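Below: one structure, written as structure tokens.
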Amino acid sequence: MPRIQPLEPGAAKPKAAELLTAIQRQFGVVPNLFKTLAHAPSVLGGYLNFTKSLGAGKLSAALREQIALAVAGANRCGYCASAHTAIAKQAGLDTRELGRNLNGKSEDPHTQAVLTFVNSVVTSRGNVTDADLAQVRAAGVSDGEIVEIIANIAINIFTNYFNLVTGTEVDFPVVDVGQARAA
């Protein structure tokens, strides 16, 4: 059961209602994440703007989803694991690969290098080593891409923590990631 109830557009403040209506028009549905973020219109707007900016970056949509899955798996966020698995499947990613991604793994060497770096960032809380950076650079990842990877990690940690704290009800096909681990 949600600890913070999702808001329908008619119950939200005008700015949040406007954003929720735009989401409805774009996707045909308003996921519970957005309905719950609507309690703070500035946060909902900031989240939408940040994700839009990341979508205009160099990282592919598929790799952004794989990063999201690795972060969700590390944080045991069922909502995000479920949402990003559904989105990644729509983007044509293989189901077995998505399961690997939730565990920070990939069959593709470049993606594996990125996910190894993602795992290092998440588990060290950003205190990566020079060797971690050298490893991802050796895979051909540029400094600009590293910046985008860090930004994608950050936005996904935000949604992981948000959904875990608020108890957002999963409104995608459920992916079980187990219970959240204590720090």
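Heads up, this note's numbering is the position in the sequence shown plus 12, with the first residue counted as 1. Backbone N, C-alpha and C fix where the C-beta goes; we use that ideal spot for every residue, glycine too. Everything numeric in this text was worked out from a predicted model, so none of it was measured.
8 Å CB neighbourhood of residue i in its chain, flanking five on each side removed
{"i": "Gly-203", "result": "The requested residue 203 is not part of the displayed model; the chain covers only 13 to 195."}
{"i": "Gly-116", "result": "Ala-82, Gly-85, Ala-86, Leu-127, Thr-128, Val-130 and Asn-131"}
{"i": "Pro-185", "result": "Ser-94, Thr-97 and Ala-98"}
Reduced DSSP secondary structure (H/G/I, E/B, other) of residue i
{"i": "Leu-71", "result": "coil"}
{"i": "Arg-108", "result": "helix"}
{"i": "Arg-37", "result": "helix"}
{"i": "Ala-151", "result": "coil"}
{"i": "Glu-20", "result": "coil"}
{"i": "His-51", "result": "coil"}
{"i": "Pro-121", "result": "helix"}
{"i": "Ala-195", "result": "Confidence at Ala-195 is low in this model, with a pLDDT of 36, below 50, so the placement of that residue should be treated as unreliable; the coordinate-derived value is given next. Looking at Ala-195 - three-state DSSP - the assignment turns out to be coil, as it is neither helix nor strand."}
{"i": "Arg-182", "result": "It is Val, not Arg, that sits at residue 182 in the sequence shown. Note: Val-182 maps to coil in three-state DSSP."}
Residue i versus residue j: straight-line alpha-carbon distance, rounded
{"i": "Ala-68", "j": "Ala-93", "result": "23 Å"}
{"i": "Gly-58", "j": "Ala-52", "result": "10 Å"}
{"i": "Ile-167", "j": "Ile-79", "result": "11 Å"}
{"i": "Ser-136", "j": "Ile-169", "result": "13 Å"}
{"i": "Thr-48", "j": "Leu-60", "result": "13 Å"}
{"i": "Val-163", "j": "Met-13", "result": "At residue 163 the sequence reads Ala, which differs from the Val that was named. Their Cα atoms are separated by approximately 30 Å."}
{"i": "Asp-7", "j": "Ala-23", "result": "Residue 7 lies beyond the range of the chain shown here (13 to 195); nothing can be said about it."}
Range of the contiguous alpha helix (DSSP H) that encloses residue i
{"i": "Ala-98", "result": "90-102"}
Close Cβ partners of residue i (< 7 Å) along its chain, the five nearest in sequence each way excluded
{"i": "Gly-156", "result": "Lys-70"}
{"i": "Asn-44", "result": "Pro-18, Thr-180, Glu-181 and Asp-183"}
With three or more beta-carbon pairs closer than 8 Å as the criterion, would you say the region 124-131 touches the region 146-153? Yes: at least three Cβ pairs fall under 8 Å.
Hey, is the region 166-184 in contact with the region 101-108, meaning 3+ C-beta pairs nearer than 8 Å? In short, these stretches do not touch, since the Cβ pair count stays below three.
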